[in-house]
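Accompanying notes for the structure given below.
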Amino acid sequence: MVVLAALQVSISLNKVELSVGESKFFICTAIGEPVRLEWYNPQGERIVQSKRMALHTETSRSRLIIYNAIIEDAGIYRCQATDVSGHTVEASVVLEIYQRLTFRDVQSPQEFRHGETAEVVCDVISSPVPVVVWYYQDKEITEDHHSRFQVLANNNLQIHQVTKADEGVYRCEASVEARGEIDFVDIAMVVNVPPVLSVFQQSFNATADYQESVTFTCITSGSPDPVVTWHRKAQQLEPSDKYILNRLEGGRSMLTIRNIRQADGGTYSCKATNKAGSQERELFLKVFVQPHITQLRNVTAVEGSAAMISCVAEGEPLPDISWRRASDGQSFMDGDKSRDGRFEVRGRHGKSVLTISGVRLTDLGRFDCEAQSRIGGHQKSMFLDIEYIPKFLTNHTIYYSWEGNPVNISCDVMSNPPATILWRRERFTISEGTPNMHIHSADGKSVLEVTPMSDRDFGRYNCTARNNIGVRYQDFILAQAGECAPFLLVS
């Protein structure tokens, strides 16, 4: 009969403290003749090989390795030995896991906006829970001495209505008295101050087309230093030949506008921006423009009708427009009316209309339009042309001759536009091929040369003058010498 030795088992350690992340191994030794050595976790489950728990087992010896311990690994671990008869014995070890002081992803610097409630984050963990104390300028921060400061339950430091004066380095110190463990982290706190923007002069005047320049100045403060941009009509202005941008000490930013034109007038804005916000101010450029007459044309009117002469001028401010008649120097202002009521001026928004009723030939000639403002003046001239029906210039309508003696009958005409002159006799038009007759024409004058050859060549001759305004007639009599002339018709 074989007598088996009593089975005994022991573990190299019976209580172990381990910090999170550390690794540890335990050796279980059996005395006797075990057929099986097994480890059990605090939940009573048999431990099998894994990434974080390794087993190395021999006949009477087994090693359990725990890698990178976590809080959940804490508890009682058992090593159980079993002999051939199924009898078991076991030993245990108590594993305590604690969290070392650890600052988790503490940011530095931490930035806040002036005037807001700042919460400086200090995320620290340990087991047991650490005691956290805050320091500023080597002095502990307590609510008794700093009414705006408060250490929150999550160990963060809260500062009410934070100011630029609160900016600096704060120390977050954590300790665990049970282990005598202590550590700290320094956190830089930055207070950003929104921009404050001021302008000494908001409105500027300039005159266009005189190569003038105007400089706007904005003065800014804030933390960090604001970036200053200039804008017009919702567009940011970039440096160019037209716009010169400068930044000087003392927070001064300047925009210079070169070669002022009328289109440069209007509103500009200076905008200061930093992390804490932005502020914008408007500035205004008033551009004065010399008067300039943009529309004045020569006018042609028909005698007896109405003539309307229009003069359009631009400028800033809008100029006053007046008229002057060159023939006698008489002037007409807006609202004026001549004594005879024929001349009248009406104007509005840079346009003036001179109306002449019942146009006469004496109205023909030059008229001057003058645009005047406090910036200067501009003058242009136009010519009023009068069109009229032909007019006969002579009353000499009776001519005497005898057979075989040539005579010149002259028809003198004044007209605008020039008239076409025809000669007729007894409803027939006289042409160059008419026997005994020749026509000599010049500007405004037609001469009919007649050589009477018989009694039939004496009598009434008609001169017809025609233009696009109308037609006129004048009758001439060719009488034999010694006869009395009949009645003549002029129309």
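Position 292 (the sequence shown) corresponds to 299 in our numbering; numbering is contiguous.
Glycine included, C-beta positions come from ideal geometry on N, C-alpha and C.
In this text, all values refer to a predicted model and were calculated from it rather than measured experimentally.
Contacts around residue i, its chain only, beta-carbon distance under 6 Å, and the 5 residues preceding and following it disregarded
| i | result |
| --- | --- |
| residue 236 | 243, 278 |
| residue 254 | 260 |
| residue 178 | 142, 191, 193 |
| residue 82 | 49 |
| residue 380 | 298, 322, 324, 326 |
| residue 120 | 199, 283 |
| residue 466 | none |
| residue 250 | 244 |
| residue 188 | 108 |
| residue 354 | 328, 341 |
DSSP state of residue i mapped onto helix, strand, coil
| i | result |
| --- | --- |
| residue 106 | coil |
| residue 14 | coil |
| residue 248 | coil |
| residue 482 | strand |
| residue 297 | strand |
| residue 78 | helix |
| residue 346 | coil |
| residue 489 | coil |
| residue 368 | helix |
| residue 439 | coil |
| residue 463 | helix |
| residue 270 | helix |
| residue 173 | helix |
| residue 257 | helix |
| residue 241 | coil |
| residue 215 | coil |
| residue 154 | coil |
| residue 375 | strand |
| residue 325 | coil |
| residue 409 | coil |
| residue 498 | Its pLDDT being 43, under 50, residue 498 is placed unreliably in this model, and the value from its coordinates should be taken loosely. In this structure, residue 498 counts as coil in the three-state DSSP scheme. |
| residue 56 | coil |
| residue 161 | coil |
| residue 120 | strand |
| residue 147 | strand |
| residue 422 | strand |
Residue(s) in a DSSP beta bridge with residue i
| i | result |
| --- | --- |
| residue 455 | 416, 446 |
| residue 203 | 228 |
| residue 179 | 141, 192 |
| residue 392 | 307 |
| residue 35 | 18, 69 |
| residue 25 | 104 |
| residue 223 | 262 |
| residue 400 | Its beta-bridge partners do not exist; DSSP assigns none. |
| residue 429 | 471 |
| residue 288 | 277 |
| residue 354 | 359 |
| residue 63 | 70 |
| residue 317 | 360 |
| residue 499 | Nothing can be reported for residue 499, as the shown portion of the chain is limited to 8 through 498. |
| residue 380 | 383 |
| residue 83 | 101 |
| residue 132 | 109 |
Cβ neighbours of residue i in the same chain (closer than 7 Å, five flanking residues each side left out)
| i | result |
| --- | --- |
| residue 493 | Low local confidence applies: a pLDDT of 49 at residue 493 is under 50, so the model's placement there is unreliable, and no value is given. |
| residue 438 | none |
| residue 45 | 53, 87 |
| residue 155 | 166, 167, 168 |
| residue 150 | 156, 157 |
| residue 315 | 360, 362 |
| residue 340 | 329, 352 |
| residue 338 | 329, 330, 331 |
Residue i Cβ short of 7 Å to the ligand COA heavy atom set
| i | result |
| --- | --- |
| residue 399 | As far as ligands go, the structure on display features none, and thus does not contain the ligand COA. |
Contact belief for residue i with residue j at Cβ below 8 Å, rounded distance in angstroms
| i | j | result |
| --- | --- | --- |
| residue 171 | residue 231 | So it is not a contact: roughly 11 Å between Cβ atoms. |
| residue 458 | residue 411 | 7 Å |
| residue 453 | residue 430 | 7 Å |
| residue 25 | residue 102 | 6 Å |
| residue 73 | residue 85 | Not confirmed; about 14 Å, so no contact. |
Sequence-distant residues of its chain with Cβ nearer than 8 Å to residue i (five each side left out)
| i | result |
| --- | --- |
| residue 110 | 129, 130, 131, 179, 181, 190, 192 |
| residue 239 | 273, 274, 275, 276 |
Min CB distance residue i to chain D below 8 Å
| i | result |
| --- | --- |
| residue 246 | In summary, chain D is missing from the structure at hand, where a single protein chain is found. |
| Any chance the segment 340 to 352 sits against the segment 375 to 395, with 3 or more Cβ pairs inside 8 Å? | In the pairwise beta carbon analysis, the segment 340 to 352 is classified as not touching the segment 375 to 395: fewer than three pairs are separated by under 8 Å.
| query | With a cut-off of 8 Å, do at least 3 Cβ pairs link the segment 414 to 427 to the segment 467 to 483? | reply | Taking 8 Å as the limit for Cβ pairs, the verdict is that the segment 467 to 483 does touch the segment 414 to 427.
| query | Would the segment 389 to 400 and the segment 355 to 375 be scored as touching if the rule is three or more Cβ pairs under 8 Å? | reply | Verdict: yes, contact present.
| message | Taking contact to mean 3 or more Cβ pairs, one atom from each stretch, closer than 8 Å, check whether the segment 64 to 74 and the segment 31 to 46 are in contact. | response | Yes, they touch.
| query | Taking three-plus beta-carbon pairs below 8 Å as touching, is the segment 210 to 226 in contact with the segment 131 to 148? | reply | The segment 210 to 226 is not in contact with the segment 131 to 148.
| said: Counting beta carbon pairs with one atom in the segment 256 to 275 and one in the segment 287 to 306, are three or more of them shorter than 8 Å? | reply: In this structure the segment 287 to 306 lies against the segment 256 to 275, because at least three pairs of beta carbons, one per stretch, are closer than 8 Å.
| Does the count of Cβ pairs from the segment 16 to 34 and the segment 112 to 126 closer than 8 Å reach three? | They do not touch, by the three-pair rule.
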